[in-house]
Amino acid sequence: GQQVMQIPQYQHVQEGEDFTTYCNSSTTLSNIQWYKQRPGGHPVFLIQLVKSGEVKKQKRLTFQFGEAKKNSSLHITATQTTDVGTYFCAGRLGGGNKLTFGTGTQLKVEL
Amino acid sequence: DTGVSQDPRHKITKRGQNVTFRCDPISEHNRLYWYRQTLGQGPEFLTYFQNEAQLEKSRLLSDRFSAERPKGSFSTLEIQRTEQGDSAMYLCASSPRPGTGTWDYGYTFGSGTRLTVV
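Note that the protein sequences, when read in sequence, are chains A and B.
If you count by our numbering, then the first sequence holds residues 1 to 111, one letter each, in order.
If you count by our numbering, then the second sequence holds residues 1001 to 1118, one letter each, in order.
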């Protein structure tokens, strides 16, 4: 089973509201990446965080990596309909050499 | 180079038949990954290659699954004696070789092959 969990599983928001998804790992992550998958599409890489406590921003998106490197969050300010999709975190567990993907958070934005 | 290509896009097969999927990665990328995704779940790791060498294979993968990457270019994933539980989206991704330490490059995914076993 997947060792990287995300909450919530689903989120419906009104356009203009904020959205946050949380990613939690059972073990320390070497790094964390975030991907967006539009309905019917494939995952698209958004960003990578590698340092403990790191924060990165991309326009309305803010990504954080926890101090213990076991959790991460993605926050979207003032959601738009173009933000619709499923957001996945993915990380390298311990000394592994491949990415383990989280369970994903599906975001729906209503006008 | 237009990205990662996968063929076919869709495959419907009868239980017990063998199927083979192809992935053409971005030419400069020496790492190639196969993932499987079912509805409502995140991509699940199957196997990956660095150049032509298969470096890791998921323990969840039965011996009915085999993957190759001859000459370190395109890759094929074969499933023998398909079962209904094999129905899923099979995603291929590629990336440059990770750097030293803890950082990786983001994966570029193909559009996937959707397998339906009836």
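The beta-carbon is built from N, C-alpha and C at its ideal position, and this holds for glycine as well.
Since we're looking at a predicted model, the values are computed, not measured.
Burial state of residue i, where buried means 16 or more other Cβ atoms lie within 10 Å
i               : result
S1075 (chain B) : buried
G40 (chain A)   : exposed
P1043 (chain B) : buried
L49 (chain A)   : buried
G53 (chain A)   : exposed
Q58 (chain A)   : exposed
L74 (chain A)   : buried
Y1048 (chain B) : buried
Residue closest to residue i, alpha-carbon to alpha-carbon, out of the options
i               : options                            : result
V1004 (chain B) : B:S1066, B:V1118, B:Y1107          : B:Y1107
Y1033 (chain B) : B:S1027, B:T1013, B:E1056, B:T1020 : B:E1056
A1093 (chain B) : A:L61, A:H42, A:L46                : A:H42
P1070 (chain B) : B:S1062, B:G1085, B:N1051, B:R1114 : B:N1051
R1031 (chain B) : B:S1095, B:L1091, B:R1114, B:D1104 : B:S1095
Y35 (chain A)   : A:E15, A:S72, A:G66                : A:S72
S1066 (chain B) : B:Y1105, B:L1039, B:F1109, B:R1022 : B:R1022
A68 (chain A)   : A:I32, A:K56, A:Q14, A:R60         : A:I32
Nearest-angstrom Cβ-Cβ length linking residue i and residue j, presumed shorter than 8 Å
i               : j               : result
S30 (chain A)   : G91 (chain A)   : 7 Å
V84 (chain A)   : V109 (chain A)  : 5 Å
L1077 (chain B) : S1058 (chain B) : Wrong, their Cβ atoms sit about 12 Å apart, outside the cutoff.
Q37 (chain A)   : T103 (chain A)  : The pair is not a contact, with the Cβ atoms about 12 Å apart (cut-off 8 Å).
P114 (chain A)  : T81 (chain A)   : Residue numbering for chain A in the displayed model covers 1 to 111; residue 114 (chain A) lies beyond these limits and cannot be assessed.
Separation of residue j from residue i, as counted between CA atoms
i               : j               : result
Q1017 (chain B) : L1060 (chain B) : 20 Å
E1068 (chain B) : M1089 (chain B) : 19 Å
T79 (chain A)   : M5 (chain A)    : 23 Å
F112 (chain A)  : G1072 (chain B) : Because chain A here runs from 1 to 111, residue 112 (chain A) falls outside it and cannot be looked at.
V1118 (chain B) : S1087 (chain B) : 9 Å
R1064 (chain B) : Y22 (chain A)   : 36 Å
Q1025 (chain B) : I76 (chain A)   : According to the sequence provided, residue 1025 (chain B) is Pro. The question's Gln does not apply to it. Each residue's Cα considered, the two are about 31 Å apart.
L1091 (chain B) : N24 (chain A)   : 24 Å
T20 (chain A)   : K1014 (chain B) : 42 Å
For residue i, three-class secondary structure by DSSP
i               : result
G91 (chain A)   : strand
Q1017 (chain B) : coil
Q1084 (chain B) : helix
G40 (chain A)   : coil
D1007 (chain B) : strand
D83 (chain A)   : helix
K1071 (chain B) : helix
A78 (chain A)   : coil
Cβ-heavy atom distance, residue i to the ligand PLP, below 7 Å
i            : result
M5 (chain A) : Looking at this structure, you won't find the ligand PLP or any other ligand, since it has none at all.
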